[in-house]
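**Student:** Quick note: to get the numbering used here, add 122 to the position in the sequence shown (first position is 1). A virtual CB, placed ideally from N, CA and C, is assigned to each residue, including glycine. Below: one structure in structure tokens.
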Amino acid sequence: MPLLSDARKAVALVRRAIASRNAVIEVRQRLRAEGALPLHRFQVAVYFADSDVNLYQMRQWYKPLQKLAERWPVLILARNAPGAAALLEESGLPVAFVPKVGDLETVIAQQDIRIVLYVNQNTRNFQMFRYGRRWHVFINHGESDKMYMTTNQYKAYDYAFIAGEAARERLGRVLWDYDLDRRALEIGRPQADHFSGTLPYTADGRTVVLYAPTWEGDRPTAFYGSVATHGEKLVSALLATGRHRVIYRPHPRSGVENEAFGAANKRIIAALSAANAADPTAQHVYDDGPDLGWQLAAADVAVVDISAMVYDRLATGRPLFVTRPSDPRADVDTAGYLSDCEWLTVDQADDIVAQIERVQHDETSTARLALWSRHYFGDTTPGASTRRFHEAIDLLMQRWQEWNDAELSARRAEAVDEHDPDEVEPD
Numbered sequence: 123m124p125l126l127s128d129a130r131k132a133v134a135l136v137r138r139a140i141a142s143r144n145a146v147i148e149v150r151q152r153l154r155a156e157g158a159l160p161l162h163r164f165q166v167a168v169y170f171a172d173s174d175v176n177l178y179q180m181r182q183w184y185k186p187l188q189k190l191a192e193r194w195p196v197l198i199l200a201r202n203a204p205g206a207a208a209l210l211e212e213s214g215l216p217v218a219f220v221p222k223v224g225d226l227e228t229v230i231a232q233q234d235i236r237i238v239l240y241v242n243q244n245t246r247n248f249q250m251f252r253y254g255r256r257w258h259v260f261i262n263h264g265e266s267d268k269m270y271m272t273t274n275q276y277k278a279y280d281y282a283f284i285a286g287e288a289a290r291e292r293l294g295r296v297l298w299d300y301d302l303d304r305r306a307l308e309i310g311r312p313q314a315d316h317f318s319g320t321l322p323y324t325a326d327g328r329t330v331v332l333y334a335p336t337w338e339g340d341r342p343t344a345f346y347g348s349v350a351t352h353g354e355k356l357v358s359a360l361l362a363t364g365r366h367r368v369i370y371r372p373h374p375r376s377g378v379e380n381e382a383f384g385a386a387n388k389r390i391i392a393a394l395s396a397a398n399a400a401d402p403t404a405q406h407v408y409d410d411g412p413d414l415g416w417q418l419a420a421a422d423v424a425v426v427d428i429s430a431m432v433y434d435r436l437a438t439g440r441p442l443f444v445t446r447p448s449d450p451r452a453d454v455d456t457a458g459y460l461s462d463c464e465w466l467t468v469d470q471a472d473d474i475v476a477q478i479e480r481v482q483h484d485e486t487s488t489a490r491l492a493l494w495s496r497h498y499f500g501d502t503t504p505g506a507s508t509r510r511f512h513e514a515i516d517l518l519m520q521r522w523q524e525w526n527d528a529e530l531s532a533r534r535a536e537a538v539d540e541h542d543p544d545e546v547e548p549d
């Protein structure tokens, strides 16, 4: 058995190596066909060292970055071939493939990059940190109350763009000797200004419910998934009314660790299909697409597990439930929004229709939701976060210019001191 296991691992390694080599060839061919990047055009870069596996961290930034590029041209620096191939295909932004440090240095020398944005904490970010005379800015790939949001790695960046007051409070509780007032700039959730898209159904007065569970988790403290505990109950109840439309968006890893979750996921998908076959006007949706946004905007009510989806939905300021984990070992941080959210327990899953009616019409629930939404994201009116994002970039461009001008003045002063024509040579 050990020999068989080793052989399988060797085959997998060879396959990955071949796939990586093919991706390199594909990326280089496409970039050659597109032609060289214009020199000294780009002043904002987004650094992404990951493969396409973690592309979700970039996808949510595509539209905000495209909008920013109308003011400040944006270039993506991609270190990984499969990641670069996907970015070229999807992002709508210029991409530089820089697998080696030498490639990175070439692009930096040919461009006027003043701000570098980072969406994650990849260890290869440090290969970019070596370049001074530019601002390195952590923009993250989501908002939540996870430990990841208060890592001491924030100090490695010149600045961090944070969502709002909740993020500021988290960082203030954990980070020592960190100048929050200067280095943490609140921008809200620019992605929420682009939560739109073509609906895969025709709006007809049905109450639209988004059910977006996470996967089952790989350790007891992360057992947040609800597909096998809440999912079938609540979906069955909603399908039975004829007044609701379900958008089901499960985590792509559902069932990877626990077969029961995978089986429940398949049964829910089958139930949606059967309901649509019985009533074509129902138009329930099984959503496994790469784009996230239209679902959050379209849903009248959302049911989500403890995950980044809680905060993606909270940014819209619209009703949501968070499923209460059935496993008591799951680690639930109740210091922030989860201390005051609308929980949905396993016992309440059967009663989801009544629960939805309650949150849609209860003034206390509505006011509480609005309070927390503002605490996490500030002003959530359409366009407000985009404006703050652009203002933060403008501020850093201004600060870059101030530092650059000061450095040039200092150099000129040094040059004058060294070659002062009035200086008298000693005898």
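What distance in whole Å lies between the Cβ atoms of Pro342 and Asp449, which are believed to be in contact at a cut-off of 8 angstroms?
**Tutor:** About 7 angstroms separates the two Cβ atoms, so the contact holds.
**Student:** Please report how far the alpha carbon of Gly415 lies from the alpha carbon of Asn262, in whole angstroms.
**Tutor:** 17 angstroms
**Student:** Consult DSSP for Phe79 and reduce its assignment to one of helix, strand or coil.
**Tutor:** This structure leaves residue 79 out entirely; the chain is present only between 123 and 549.
**Student:** Starting from Ile261 and walking both ways along the beta strand (DSSP E), at which residues does that stretch end?
**Tutor:** If you look at Ile261, you'll find it isn't in any beta strand (DSSP E); DSSP assigns it neither H nor E.
**Student:** Return the CA-CA distance between Glu485 and Ile147, expressed in angstroms with no decimal places.
**Tutor:** 58 angstroms
**Student:** Going by beta carbon distance, what residues of the same chain come within less than 8 angstroms of Arg295, once the five residues before and after it are set aside?
**Tutor:** Taken in chain order, the residues that qualify are Thr272.
**Student:** Starting from Thr343, follow its DSSP beta bridges and name the residues at the other end.
**Tutor:** Under DSSP, Thr343 shares a beta bridge with no residue.
**Student:** Could you please give the first and the last residue of the uninterrupted beta strand (DSSP E) stretch that includes Ala282?
**Tutor:** Tyr281 to Ile284
**Student:** Is the Cβ-Cβ distance between Thr508 and Pro312 less than 8 angstroms?
**Tutor:** Yes; because the gap between Cβ atoms is below 8 angstroms, this pair is in contact.
**Student:** Just curious, the alpha helix (DSSP H) that His366 is in, first and last residue?
**Tutor:** That residue, His366, is in no alpha helix (DSSP H); its beta strand (DSSP E) goes His366 to Tyr370.
**Student:** Report all residues from its chain with a CB closer than 7 angstroms to the CB of Ala421; omit the five preceding and five following residues, and keep chain order.
**Tutor:** Cβ within range, chain order: Val330, Val331, Leu332 and Ile369.
**Student:** What is the rounded straight-line gap between the Cα of Val538 and the Cα of Ala532?
**Tutor:** 10 angstroms
**Student:** Enumerated in chain order, which unbroken segments of the alpha helix (DSSP H) with a length of 4 residues or greater are wholly contained in the segment 470-534?
**Tutor:** Listed in chain order, the complete alpha helix (DSSP H) runs (minimum 4 residues) inside the segment 470-534 are 474-483 and 485-499.
**Student:** Who are the Cβ neighbours of Ala231 in its own chain at under 6 angstroms, not counting the five residues just before and after it?
**Tutor:** none
**Student:** Identify the residues that DSSP records as bridge partners of Tyr333: which are they?
**Tutor:** Tyr370 and Val425
**Student:** Can you name, in chain order, every residue of its own chain whose Cβ lies under 6 angstroms from the Cβ of Val168, other than the five neighbours on each side?
**Tutor:** Ile198 and Leu239
**Student:** Mind checking Arg252: buried by the 16 CB within 10 Å criterion, or exposed?
**Tutor:** exposed
**Student:** How many whole angstroms separate the CB atoms of Ala514 and Ile309, which I take to be in contact at a CB cut-off of 8 angstroms?
**Tutor:** 5 angstroms
**Student:** Excluding the 5 residues preceding and the 5 following Ser142 in the sequence, name in chain order all residues of the same chain whose CB lies nearer than 8 angstroms to its CB.
**Tutor:** Ala203 and Pro204
**Student:** Any idea what DSSP makes of Thr272, helix, strand or coil?
**Tutor:** helix
**Student:** CB-CB under 7 angstroms to Arg446, same chain, minus the five flanking residues each way: which ones, in chain order?
**Tutor:** Trp465, Leu466 and Thr467
**Student:** Kindly indicate which residue of Ala404, Trp337 and Phe383 has the alpha-carbon position closest to the one of Ala325.
**Tutor:** Ala404
**Student:** Per the DSSP calculation, Glu291 is bridged to which residue(s)?
**Tutor:** Looking at the DSSP assignment, Glu291 forms no beta bridge with any residue, so it has no partner.
**Student:** Using 8 angstroms as the threshold, is the C-beta distance between Ala419 and Phe317 below it?
**Tutor:** yes
**Student:** Taking contact to mean 3 or more Cβ pairs, one atom from each stretch, closer than 8 angstroms, check whether the segment 182-197 and the segment 206-216 are in contact.
**Tutor:** With a cut-off of 8 angstroms, the segment 206-216 and the segment 182-197 count as touching, because enough Cβ pairs lie within range.
**Student:** Taking the straight line between their C-alpha atoms, what separation do you get for Asp409 and Asp527?
**Tutor:** 51 angstroms
**Student:** Considering Ala208, what are the terminal residues of the alpha helix (DSSP H) in which it resides?
**Tutor:** Ala203 to Glu212
**Student:** Which residue from Arg367, Gly353, Ala386 and Gly411 puts its Cα closest to that of Gly319?
**Tutor:** Gly411
**Student:** Are Arg193 and Val220 close, meaning C-beta to C-beta below 8 angstroms?
**Tutor:** no
**Student:** Going along the chain, which residues of its own chain have a beta-carbon closer than 8 angstroms to the beta-carbon of Arg256, five neighbours each way excluded?
**Tutor:** Only Ile235, Arg236, Ile237, Val238 and Trp522 meet the Cβ criterion.
**Student:** Sorted by chain position, which residues of the same chain lie with C-beta nearer than 7 angstroms to Ala506's C-beta, five sequence neighbours on each side aside?
**Tutor:** Gly310
**Student:** By Cβ distance below 8 angstroms, which residues in the same chain neighbour Leu321 in space, the five residues on each side in sequence not counted?
**Tutor:** Trp416 and Ala420
**Student:** Would you mind stating whether Arg163 and Pro195 have Cβ atoms separated by less than 8 angstroms?
**Tutor:** Contact: yes.
**Student:** So for Ser142, helix, strand or coil by DSSP?
**Tutor:** helix
**Student:** Distance, Cα to Cα, Val357 vs Asp472?
**Tutor:** 9 angstroms
**Student:** Starting from Ala420 and walking both ways along the alpha helix (DSSP H), at which residues does that stretch end?
**Tutor:** Ala420 -> alpha helix (DSSP H) spans Trp416 to Ala420.
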